[in-house]
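Chemist: Protein chains in written order, with our numbering: chain A, 2 to 383; chain B, 373 to 631.
Mind looking over this structure? Questions follow.
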Ligand SMILES: Cc1cc2nc3c(=O)[nH]c(=O)nc-3n(C[C@H](O)[C@H](O)[C@H](O)COP(=O)(O)OP(=O)(O)OC[C@H]3O[C@@H](n4cnc5c(N)ncnc54)[C@H](O)[C@@H]3O)c2cc1C
């Protein structure tokens, strides 16, 4: 069985944290277009939520990935998408490669404070000129003795205006293609680093998303995660956690949205009866329930395989694709079934529609997932 | 310092609670059991005291099998060990019987301080701490909103209606705490995992050497004779203000003998 009594106890703690430390402030943070990461993250760090699957030596929980599922499922139930995404970046998107491949010294310096929440971190892969096509990135780190000198731009970086350090994917040789990239930890206090701009977005308003500028930023070569030149492979590995977490958050968010819509339809009357009495509305939601549960089961199966040490690239890719598509339908339907209230800012639904739209773009667009699946199926090639 | 914290599992505070027709007792199956909220403050205070002064914290709970979950929660917050008194013969115990059981479980174990939440959300009597203190013959410092320990002296602040009262006593003491005292921590992942391995001593009526007739329903001094559901809210009186709204409200209050 995937979940034990300890999982359920930890789930309760996370649910309480979401309800007490995120939800009451969601409106305020959405309006402010930012949330106080340095105040919030230590609260999640204190319960161990930011380092669940990382080594105890650096403050982590030494847990297996089943706890990643608990984390994602509970965070997915928050009243906004932005803050959970920011927390997920910290806990499962910017740190897995460092935890798996980084040197002990690097982990002590950067992973340990990320696990307590004292440091806020980002992962920077996408650029103004390359997102889906990671091989197209141009940010360059040139070696100068024991230092890297980095120049380039990164785009769409979550936590970008608040980060203390960035897990940066950069080119460290002229090989081109998927070769010659490295993952480097870049402290944002480094000279030459700046936040180019904060990007106004359609949704996830509470999360700061930034364009970052690297203008001859000098960091020690020992800040390289794992082997020089293996950055692309390590990032692809790190993407599996990111995609599984995204998919799990989407699925539990969709489940909550369906439940809240059911409640509304019970309460709202039209044509002399509660709206829920319409079979059309019932069946539409029933079908979504079925799809959400099937996908959730598939994800739990993937997590089980992950815990067993198997490669879950295929599972993570498929689940991320289907979750991104499914929440778009669910969110659109929730808006529709709420009528005018679905379109109004005073209800949760409009925000849900905006926020959940990211599911098919972030962490790799649907088409990129389809590309990966096609390659695995022997159709198309790199 | 050896601290004991007495905790109780209660039906979820927000759930609708029901009395059972058959024995006129609270139907504990009808709602999820949770650690009584004020007891979390008691656990927190104990943990803070040992963090500052050294020592260990033991959780003491009387309650059915499933109360083990609440004991576990207190352990996952950071307490070191627990004593769980569970026995079918304890069902129906009133405050007097409960205090007898707890006092017996606490006695002779060299505790310096015993901390209680000032009330449980189900029974809301607030008398068990005082009864336990009386049975143990220890000093009693109740409704503390601040606790200071200096050597073997325990000093508390208690909020009164118009003033704050400072009270102090020598150990051993029984304390009860109110919400204002602290902000309880959330159990951490590591705390939850560690709690699995912490010792929980199981006791029952026999091992405590208690007379079965003195506890449970048979030992209760009080009994619920009858109960009725709260009547549905009656429609209120609507006063329409046509310039004399104030006078109308005043005469209504006079009619009700409220002013
Ligand atoms: C709110 C938000 C937060 C983000 N956070 C981060 C972050 O923290 N770190 C980070 O590195 N990135 C982040 N991203 C970037 C995200 O990963 C990229 O936006 C995503 O990978 C798509 O890249 P792109 O925007 O460059 O789109 P493009 O690569 O320009 O693609 C545009 C569209 O073209 C289509 N397409 C692309 N390739 C193919 C193909 N081979 N076949 C068919 N169709 C295709 C897809 O529909 C795709 O959506 C974030 C993005 C957003 C919106």
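Ideal placement from N, C-alpha and C gives every residue a C-beta, glycine not left out.
All values derive from a computational prediction rather than experimental measurement.
Under three-state DSSP, which class holds residue 199 of chain A?
Modeler: DSSP places residue 199 of chain A in strand when its eight states are reduced to three.
Chemist: Using 8 Å as the threshold, is the region 306 to 317 of chain A in touch with the region 328 to 345 of chain A, meaning 3 or more CB pairs across them?
Modeler: Cβ pair count under 8 Å is below three, so no.
Chemist: In its own chain, which residues sit with a C-beta less than 6 Å from the C-beta of residue 432 of chain B, not counting the 5 before and 5 after it?
Modeler: Excluding positions up to five away in sequence, the list reads 376, 378, 455, 477.
Chemist: Comparing the CB of residue 363 of chain A with every heavy atom of ligand 1, is any distance shorter than 7 Å?
Modeler: Yes; taking the cut-off as 7 Å, the Cβ of residue 363 of chain A has a heavy atom of ligand 1 nearer than that.
Chemist: Kindly indicate which residue of A/174, A/102, A/203 has the alpha-carbon position closest to the one of residue 230 of chain A.
Modeler: Measuring from the Cα of residue 230 of chain A, the nearest candidate turns out to be A/174.
Chemist: Can you grab the Cα-Cα spacing for the pair residue 42 of chain A / residue 88 of chain A, in whole Å?
Modeler: Looking at the two C-alpha atoms, the distance is approximately 7 Å.
Chemist: According to the Cβ coordinates, are residue 208 of chain A and residue 159 of chain A closer than 8 Å?
Modeler: In this structure, residue 159 of chain A lies closer than 8 Å to residue 208 of chain A by Cβ.
Chemist: From what residue to what residue does the beta strand (DSSP E) around residue 376 of chain B run?
Modeler: Note, residue 376 of chain B: beta strand (DSSP E), 374 to 379.
Chemist: Are residue 520 of chain B and residue 527 of chain B closer than 8 Å when you measure CB to CB?
Modeler: Yes; because the gap between Cβ atoms is below 8 Å, this pair is in contact.
Chemist: Less than 7 Å between C-beta atoms, sequence neighbours within five positions excluded: which residues of the same chain meet that for residue 346 of chain A?
Modeler: So the list is empty, once near-sequence residues are dropped.
Chemist: Take residue 262 of chain A and list the residues in its own chain whose beta-carbon comes closer than 6 Å to its own, dropping the five residues that flank it on each side.
Modeler: Cβ neighbours of residue 262 of chain A beyond the five flanking positions: 335, 338.
Chemist: So which residues of chain A does residue 562 of chain B contact, with C-beta pairs closer than 7 Å?
Modeler: Simply 49, 62.
Chemist: Does at least one heavy atom of ligand 1 sit under 7 Å from the Cβ of residue 202 of chain A?
Modeler: Yes, the beta carbon of residue 202 of chain A sits closer than 7 Å to at least one heavy atom of ligand 1.
Chemist: Residue 456 of chain B bridges to which residues according to DSSP?
Modeler: The partner list for residue 456 of chain B (beta bridge, DSSP) reads B/433, B/574.
Chemist: Along the region 373 to 393 of chain B, what residues have a CB closer than 7 Å to any CB found in chain A?
Modeler: Cβ contacts with chain A come from no residue of the region 373 to 393 of chain B.
Chemist: Please confirm if the region 61 to 75 of chain A is in contact with the region 123 to 130 of chain A, defined as three or more CB-CB distances below 8 Å between the two stretches.
Modeler: These segments do not touch.
Chemist: Which of the three DSSP states, helix, strand or coil, is assigned to residue 231 of chain A?
Modeler: Strand at residue 231 of chain A.
Chemist: With hydrogens ignored, establish whether the beta-carbon of residue 35 of chain A is closer than 7 Å to any heavy atom of ligand 1.
Modeler: False, no ligand heavy atom lies under 7 Å from that Cβ.
Chemist: Leaving out five residues before and five after residue 211 of chain A in sequence, what residues of the same chain have Cβ atoms less than 6 Å from its Cβ?
Modeler: Same-chain partners within the cutoff: 158, 161, 162, 196, 199.
Chemist: Under the rule that 16 or more other beta-carbon atoms within 10 Å means buried, what is residue 384 of chain B, buried or exposed?
Modeler: Its Cβ having fewer than 16 others within 10 Å, residue 384 of chain B is exposed.
Chemist: Taking residue 549 of chain B as part of the beta strand (DSSP E), name the residues at either end of that continuous run.
Modeler: Note, residue 549 of chain B: beta strand (DSSP E), 545 to 549.
Chemist: With a threshold of 7 Å on Cβ separation, who are the neighbours of residue 464 of chain B within its own chain once the five nearest residues in sequence on each side are excluded?
Modeler: Within the same chain, residue 464 of chain B has close Cβ partners 397, 588, 589, 592.
Chemist: How about residue 568 of chain B: is its C-beta nearer than 8 Å to some C-beta of chain A?
Modeler: Yes, because at least one Cβ of chain A sits closer than 8 Å to the Cβ of residue 568 of chain B.
Chemist: Under a Cβ-count criterion, where at least 16 other Cβ atoms within 10 Å of its own Cβ denotes burial, should residue 595 of chain B be classed as buried or exposed?
Modeler: Exposed.
Chemist: Just to confirm, does residue 214 of chain A get its C-beta within under 7 Å of one of the non-hydrogen atoms of ligand 1?
Modeler: Flag unset: Cβ of residue 214 of chain A not near ligand 1.
Chemist: Which of the residues in the region 34 to 47 of chain A, read from start to end, lie with their CB under 7 Å from any CB of chain B?
Modeler: Taking 7 Å as the Cβ-Cβ cut-off against chain B, the residues of the region 34 to 47 of chain A that qualify are 47.
Chemist: For residue 533 of chain B, which option in B/404, B/497, B/515, B/543 has the closest C-alpha, if you only look at C-alpha atoms?
Modeler: Selected option, being the one with the closest Cα: B/515.
Chemist: Residues of chain B with a CB under 7 Å from the CB of residue 14 of chain A: which are they?
Modeler: Simply 558, 559.
Chemist: In the structure shown, what three-state DSSP assignment does residue 168 of chain A receive?
Modeler: Residue 168 of chain A: strand per DSSP, three-state reduction.
Chemist: May I ask you to check if the CB of residue 134 of chain A is nearer than 7 Å to at least one heavy atom of ligand 1?
Modeler: For ligand 1, at least one heavy atom lies less than 7 Å from the Cβ of residue 134 of chain A.
Chemist: Does DSSP classify residue 51 of chain A as helix, strand or coil?
Modeler: Three-state result, residue 51 of chain A: coil.
Chemist: Are the C-beta atoms of residue 4 of chain A and some chain B residue less than 8 Å apart?
Modeler: Judged by the 8 Å Cβ criterion, residue 4 of chain A is not in contact with chain B.
Chemist: Can you name the residues of chain A whose CB is closer than 7 Å to the CB of residue 512 of chain B?
Modeler: Here the premise fails: no neighbours, minimum Cβ distance about 32 Å.
Chemist: Give the DSSP-derived three-state secondary structure of residue 631 of chain B in the structure shown.
Modeler: Residue 631 of chain B falls in the coil class under three-state DSSP.
Chemist: Cβ of residue 158 of chain A versus every heavy atom of ligand 1: is any distance shorter than 7 Å?
Modeler: For ligand 1, at least one heavy atom lies less than 7 Å from the Cβ of residue 158 of chain A.
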